[in-house]
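S.K.: In this note's numbering, the protein residues as written are 1116 to 1928. From the three backbone atoms N, C-alpha and C, an ideal C-beta is built for every residue, glycine too. Predicted model only: the values in this text are computed from it and were never measured.
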Amino acid sequence: MSRLVCILLVVLSSGQVWSQEKKPSLNVTAPDGFRVELIRAAQAGEDSWISLTFDDKGRILVGLDSAGVGRITYSAEDGTSQFEKVNSTLKHCRGVLYAYDSLYVSATNAPGFFRLLDTNKDDQFDEEELLFSLDYRSRYGHGGNQIKLGPDGMIYLVCGNDVSFPEGFATDSPYRNPHNDKLLIHDFDAGQDDRVGYILKLDQNGGLREILAGGFRNQVDIAFNADGEMFTYDADMEWDAGLPWYRPTRLNHVISGGEYGWRWGTMKWPTYYQDSLPTTLDTGYGSPTGMEFGDISHFPERYRQALYMADWQNGRIYVVDLIPEGATYRAEYNTFLQGAPLNVCDMTFGPDGAMWFVTGGRGSQAGLYRVSWTESAAEPELPEWLKQITPEQRLRGIQFRAARGQLEEFHRTQSPAAVDLAWHHLASEDRWLRTSARVALENQELQLWRTRALEESTPLGSMTALLALARVGTKADQPDLLAALNRQSLADKNEEVLLGLLRAYAITFARHGMPSAAERDAIEKRLNGIYPHSLVNANRELSELLVYLESPDVLDKTLKLLEAAPTQEEQVHYAMTLAHMKEGWTLTQRQQILNWLQQARRFPGGKLVDQAVKNLILSYRESLSEEEANSLSDLLTQLEQPLPETGPVVEYPVVKNWAMSDLLNALNDVTDQRSHEQGKRALAKASCLKCHRVGEEGGRIGPDLTQVGNRFDARALLESVLEPSKVIDEKYRQSSYILINGKVITGRPVGVSAKQITVETDPIQGLSEVVNRSEIEESVISQTSPMPASLVNILTREEILDLIAYLKYRKLE
1116 MSRLVCILLV
1126 VLSSGQVWSQ
1136 EKKPSLNVTA
1146 PDGFRVELIR
1156 AAQAGEDSWI
1166 SLTFDDKGRI
1176 LVGLDSAGVG
1186 RITYSAEDGT
1196 SQFEKVNSTL
1206 KHCRGVLYAY
1216 DSLYVSATNA
1226 PGFFRLLDTN
1236 KDDQFDEEEL
1246 LFSLDYRSRY
1256 GHGGNQIKLG
1266 PDGMIYLVCG
1276 NDVSFPEGFA
1286 TDSPYRNPHN
1296 DKLLIHDFDA
1306 GQDDRVGYIL
1316 KLDQNGGLRE
1326 ILAGGFRNQV
1336 DIAFNADGEM
1346 FTYDADMEWD
1356 AGLPWYRPTR
1366 LNHVISGGEY
1376 GWRWGTMKWP
1386 TYYQDSLPTT
1396 LDTGYGSPTG
1406 MEFGDISHFP
1416 ERYRQALYMA
1426 DWQNGRIYVV
1436 DLIPEGATYR
1446 AEYNTFLQGA
1456 PLNVCDMTFG
1466 PDGAMWFVTG
1476 GRGSQAGLYR
1486 VSWTESAAEP
1496 ELPEWLKQIT
1506 PEQRLRGIQF
1516 RAARGQLEEF
1526 HRTQSPAAVD
1536 LAWHHLASED
1546 RWLRTSARVA
1556 LENQELQLWR
1566 TRALEESTPL
1576 GSMTALLALA
1586 RVGTKADQPD
1596 LLAALNRQSL
1606 ADKNEEVLLG
1616 LLRAYAITFA
1626 RHGMPSAAER
1636 DAIEKRLNGI
1646 YPHSLVNANR
1656 ELSELLVYLE
1666 SPDVLDKTLK
1676 LLEAAPTQEE
1686 QVHYAMTLAH
1696 MKEGWTLTQR
1706 QQILNWLQQA
1716 RRFPGGKLVD
1726 QAVKNLILSY
1736 RESLSEEEAN
1746 SLSDLLTQLE
1756 QPLPETGPVV
1766 EYPVVKNWAM
1776 SDLLNALNDV
1786 TDQRSHEQGK
1796 RALAKASCLK
1806 CHRVGEEGGR
1816 IGPDLTQVGN
1826 RFDARALLES
1836 VLEPSKVIDE
1846 KYRQSSYILI
1856 NGKVITGRPV
1866 GVSAKQITVE
1876 TDPIQGLSEV
1886 VNRSEIEESV
1896 ISQTSPMPAS
1906 LVNILTREEI
1916 LDLIAYLKYR
1926 KLE
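Structure (structure tokens):
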């Protein structure tokens, strides 16, 4: 049961107070017995706070959004706090860690990993040492993130998908050489990059740089449980929602050599790929930030063993319970804290056993909070899922994790003993144990286990061994690998076996190309015999393999699957797969796919759904012969026409050129008592819904505003409406590209690869241009938001206040 916890407003040592319009959240919903205190609100000149750590004197060090590191000294006796800057040079400090008498800083926009030292013992950091640079190629904040000290005394740096492996990283790292391994590559897919998010393991001097695991999007933080196991909370790409490659925000159990399958563009791996590890918990849309286990807290037992994860977008901190399940865990979760706004960036447990967290980010008002157990409520009971854990279940978890640990000893070292140890677990029913065994095997000399892999007879063991051979073998190994795969039964009732075998076929084809004609014909006949399959995931893999192998039957079979598919995600997958069939179509089949494309233009989902359908239309159009295009001209013309408007276009007169000074004093009237219906109408009247999504209504061009009230206060919302260029989300910032021939292309980069940039020039019309990097003479980042500042000038004062109140207080519908 939850109640509304009143925030204790701590008196600021500076004597300053913040205005009512610009303040952190004063009310937070928390479980009974917990006290939430606002320790300090950031004052003018203190920046926005995005990371935190405690130093050896119990003071809080906060990473600053723009530049530098701040230090907050808090007195529990009188509730006062003092702020001072201890560094002003490092830009966008996404991670800070005090350890080994040093302050380590992950400065995303510097970009690099730094150590600050106090060499003369005057309590100031007088030496700034760059331990290594990071090749950060973006401005979206997906670079070096949080830093954690591990239970092994090593330092762990969390890196997002826009930063390459650092120079000097250990080439024998457990995670190495990530491949896309995509069998059918789409011409329009800008995501043919090999960068992925990863976890970097470091010694205290930054000399050892080991890539522990990878395949993440933008996991901001990690946390270790009492067993020493690592977890991370990875971000979704909300624009992909409604497409077959969408991956929800997810909790991942991170193990040595773990591959978690994130790739650029359409190349993201499904969770059933047997050379990757699945999600532990999906939490839907969100923006993951800080995370921490409560085992060192002074919380009651029910909360002390839990994991806490912050969701910046939704203004929440989740409490997650982990239940041992073999060599891994399963998870259950609930909301622990929620506020409006409560844009939590980072959290930790302090020396006092309380949870401390900071809010801020993207220039928003920052606050430092403390969460403690008051003992005023009854000791909370354990949830049923924790009560039901048996001693046998815990013991099995200990044994399986110990076995996994033995295998991990060979993820960087080579020994003949490793092959025998790995082989013992290749056929394990536990996917995590099986994965650790495969990674250990792949790290050994191929000649030690190649023959054994080809001759293995157990279904799971053979699948895993052949998958390893497909991943590390050469073109010369392909014939023997294919012969061994062809000996395996495709009728095995174990879904993992079938999917693993299909994956091994796909990997060897993706890496080493088409086999001989005889081999191709034999494999095509074999796979065509089980297509379509009763398993949806098997059909997904079979359709791609058979298109690649140029099966004469795949077109008709796949069109029937597309027609019967119950979800748009399945339909899009089959349509994208068939786009690689350039020949063999009848005119009726061409009509069928063009009719489907017309229906697909209305598919709901993220911003990239529309773009994916437009790309498919282009692909299918280009594959038509002149005769086919003439016969299908009516359908092709329909696909070019704009979809009809859902309502009449109305022009409204200008009421006033509104400025912040006109409305600041009225923000006290923005309450949850105002008419939500009037606010919703004002949102539509001002054309906001043409670009922004609110609930199930609106466009996908701009940021989703569904839960924007959980991130920003009324003043920030008003400011974003009246002064949209003051703070621009980097994902929506435009750029101007000046080409060698003098042409200037202005828009937002929506696809970036090593050779090209796809620039969205008109988001409402859906127009874009592809620019070759070699043709760019100069690029300039725009300081002006694509959102006009005058949209609400047609609204009255009351309509604007209703609009702000609707965004701030609307309930989820």
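Considering only C-alpha positions, which residue in the set Lys1608, Leu1910, Glu1698 and Pro1506 is nearest to Asn1772?
M.R.: Within the sequence shown, the letter at position 657 stands for residue 1772. Closest by alpha carbon: Leu1910.
S.K.: Assign Gly1794 to one of three DSSP states: helix, strand, or coil.
M.R.: Within the sequence shown, the letter at position 679 stands for residue 1794. Gly1794: helix per DSSP, three-state reduction.
S.K.: Which residues in the same chain as Asp1233 place their Cβ atom closer than 7 Å to its Cβ, once the five residues preceding and following it in sequence are excluded?
M.R.: For the purposes of this step, residue 1233 is taken as the residue at position 118 of the sequence shown. Excluding sequence neighbours, Asp1233 sits near Gln1239, Phe1240 and Asp1241.
S.K.: Quick check on the burial criterion: 16 or more other C-beta atoms within 10 angstroms. Buried or exposed for Gly1160?
M.R.: In the sequence shown, residue 1160 corresponds to position 45, counting from 1. Exposed, since its Cβ has fewer than 16 Cβ neighbours within 10 Å.
S.K.: Could you compute how far the alpha carbon of Ala1481 sits from the alpha carbon of Gly1475?
M.R.: The sequence position of residue 1481 within the sequence shown is 366, counting from 1. The sequence position of residue 1475 within the sequence shown is 360, counting from 1. Rounded to the nearest angstrom, the two C-alpha atoms are 4 Å apart.
S.K.: Beta carbon of Ala1350, beta carbon of Ser1402: below 8 Å?
M.R.: If you number the sequence shown from 1, residue 1350 lands on position 235. If you number the sequence shown from 1, residue 1402 lands on position 287. Yes, the Cβ-Cβ distance between Ala1350 and Ser1402 is below 8 Å.
S.K.: Would you mind sorting Val1125 into buried or exposed? The rule is 16 or more other CB atoms within 10 Å of its CB.
M.R.: By 1-based counting over the sequence shown, the position of residue 1125 is 10. Bear in mind that a pLDDT of 36 at Val1125, under 50, signals an unreliable position, so the model cannot answer this.
S.K.: Please state whether DSSP places Asn1449 in a helix, a strand or coil.
M.R.: Here residue 1449 refers to the residue found at position 334 of the sequence shown. The answer is strand: DSSP assigns Asn1449 an E or B state.
S.K.: For Leu1778 versus Arg1912, is the C-beta spacing smaller than 8 Å?
M.R.: Residue mapping note: residue 1778 aligns to position 663 of the sequence shown, counting from 1. Residue mapping note: residue 1912 aligns to position 797 of the sequence shown, counting from 1. Yes, these two residues count as a Cβ contact at 8 Å.
S.K.: Run through DSSP, which three-state label would Ile1370 get?
M.R.: Looking up residue 1370 in the sequence shown gives position 255. Note: Ile1370 maps to coil in three-state DSSP.
S.K.: Alpha carbon to alpha carbon, what distance is there between Arg1567 and Tyr1620?
M.R.: In the sequence shown, residue 1620 corresponds to position 505, counting from 1. In the sequence shown, residue 1567 corresponds to position 452, counting from 1. Those two C-alpha atoms are separated by around 19 Å.
S.K.: Just how far apart, CA to CA, sit Gln1261 and Val1885?
M.R.: Residue numbering aside, residue 1261 sits at position 146 when the sequence shown is read from its first letter. Residue numbering aside, residue 1885 sits at position 770 when the sequence shown is read from its first letter. Approximately 34 Å between the Cα atoms of the pair.
S.K.: Measure the C-alpha to C-alpha separation of Val1102 and Lys1383 and round it to an integer number of angstroms.
M.R.: In the structure displayed, the chain extends from 1116 to 1928; residue 1102 sits before or after that span and is not available.
S.K.: Distance check for Gly1399 and Pro1385, CA to CA, integer angstroms please.
M.R.: Against the sequence shown, residue 1385 aligns to sequence position 270. Against the sequence shown, residue 1399 aligns to sequence position 284. Cα to Cα, Pro1385 sits roughly 16 Å from Gly1399.
S.K.: Per DSSP, what kind of secondary structure is Arg1431 in: helix, strand or coil?
M.R.: Along the sequence shown, read from residue 1 onward, the residue named residue 1431 stands at position 316. Strand at Arg1431.
S.K.: Can you have a look at Pro1574 and say buried or exposed, based on whether 16 or more other CB atoms are within 10 angstroms of its CB?
M.R.: Locating residue 1574 in the sequence shown gives position 459, counting from the first residue. Buried, since its Cβ has 16 or more Cβ neighbours within 10 Å.
S.K.: What three-state label does DSSP hand Thr1566 in the structure shown?
M.R.: To locate residue 1566, count along the sequence shown from 1; it is residue 451. It is helical.
S.K.: Measuring only the C-alpha atoms, how far is Tyr1921 from Thr1752?
M.R.: Translated into the one-based positions of the sequence shown, residue 1921 becomes position 806. Translated into the one-based positions of the sequence shown, residue 1752 becomes position 637. If you take the alpha carbons of Tyr1921 and Thr1752, they lie about 41 Å apart.
S.K.: Per DSSP, Met1382 forms a beta bridge with which residues?
M.R.: Taking the sequence shown and counting its residues from 1, the one referred to as residue 1382 is at position 267. DSSP output for Met1382 lists no bridge partner at all.
S.K.: Assign Arg1789 to one of three DSSP states: helix, strand, or coil.
M.R.: Position 674 of the sequence shown, counting from 1, holds the residue named residue 1789. Correct three-state label for Arg1789: coil.
S.K.: Which term fits Ser1790, buried or exposed, when burial requires 16 or more other beta carbons within 10 angstroms of its beta carbon?
M.R.: Here residue 1790 refers to the residue found at position 675 when the sequence shown is read from its first residue. Ser1790 should be labelled exposed.
S.K.: Using a Cβ-Cβ cutoff of less than 8 Å, which residues in the same chain neighbour Ser1203 once the five nearest sequence positions on both sides are dropped?
M.R.: Counting from one through the sequence shown, the residue named residue 1203 turns up at place 88. Correct list, in chain order: Ala1182 and Gly1183.
S.K.: Flag this pair as touching only if the segment 1367-1381 and the segment 1533-1552 have three or more C-beta atom pairs under 8 Å; answer yes or no.
M.R.: Touching, per the Cβ criterion.
S.K.: Put Arg1925 into one of helix, strand or coil per three-state DSSP.
M.R.: Here the question's residue 1925 lines up with position 810 in the sequence shown. Looking at Arg1925 - three-state DSSP - the assignment turns out to be coil, as it is neither helix nor strand.
S.K.: For Gly1173, which residues of its own chain have a beta-carbon under 6 Å away from its beta-carbon, when the five flanking residues on both sides are left out?
M.R.: Walking along the sequence shown from the start, residue 1173 turns up at place 58. Around Gly1173: Pro1466.
S.K.: To the nearest angstrom, report how far apart Arg1419 and Pro1495 are at their CA atoms.
M.R.: Counting from 1 along the sequence shown, the entry for residue 1419 is found at position 304. Counting from 1 along the sequence shown, the entry for residue 1495 is found at position 380. Cα to Cα, the separation comes out at about 11 Å.
S.K.: Quick check on Thr1381: buried or exposed, where buried means 16 or more other Cβ atoms within 10 Å of its Cβ?
M.R.: Mapped onto the sequence shown, residue 1381 falls at position 266. Buried is the call here.
S.K.: Buried or exposed for Ser1631, please, with buried defined as at least 16 other CB atoms from any protein chain shown within 10 angstroms of its CB.
M.R.: Along the sequence shown, read from residue 1 onward, the residue named residue 1631 stands at position 516. With fewer than 16 other Cβ atoms within 10 Å, it is exposed.
S.K.: DSSP three-state call for Met1775: helix, strand or coil?
M.R.: To locate residue 1775, count along the sequence shown from 1; it is residue 660. In this structure, Met1775 counts as helix in the three-state DSSP scheme.
S.K.: Does the distance between the C-beta of Asp1828 and the nearest non-hydrogen atom of the ligand GTP fall short of 7 Å?
M.R.: Summarising the ligand content, the structure contains no ligands, and the ligand GTP is consequently not present.
S.K.: Select from Arg1717, Cys1208, Asp1592 and Phe1339 the residue whose C-alpha is nearest the C-alpha of Gly1265.
M.R.: Residue mapping note: residue 1265 aligns to position 150 of the sequence shown, counting from 1. If we check each option's Cα against that of Gly1265, Phe1339 comes out closest.
S.K.: Since Leu1758 and Arg1717 should fall inside the 8 Å C-beta cutoff, what is the C-beta to C-beta distance between them, to a whole number of angstroms?
M.R.: Looking up residue 1758 in the sequence shown gives position 643. Looking up residue 1717 in the sequence shown gives position 602. That belief holds up - the Cβ atoms of Leu1758 and Arg1717 are roughly 7 Å apart, short of 8 Å.
S.K.: Using the Cα positions of Asn1333 and Gly1810, report the straight-line distance between them to the nearest angstrom.
M.R.: Here residue 1333 corresponds to residue number 218 of the sequence shown, with the count starting at 1. Here residue 1810 corresponds to residue number 695 of the sequence shown, with the count starting at 1. Roughly 24 Å between the two C-alpha positions.
S.K.: Looking only at C-alpha atoms, which of Leu1702, Ala1781 and Tyr1689 sits nearest to Asn1745?
M.R.: The residue labelled residue 1745 in the question sits at position 630 within the sequence shown. It is Leu1702.
S.K.: Output the distance between the C-alpha atoms of Gly1817 and Leu1569, rounded to the nearest integer angstrom.
M.R.: The residue labelled residue 1817 in the question sits at position 702 within the sequence shown. The residue labelled residue 1569 in the question sits at position 454 within the sequence shown. The straight-line gap from Cα to Cα measures roughly 52 Å.
S.K.: In terms of residues, what are the limits of the beta strand (DSSP E) holding Ile1896?
M.R.: In the sequence shown, counting from the first residue as 1, residue 1896 sits at position 781. Here the beta strand (DSSP E) through Ile1896 covers Ile1891 to Ile1896.
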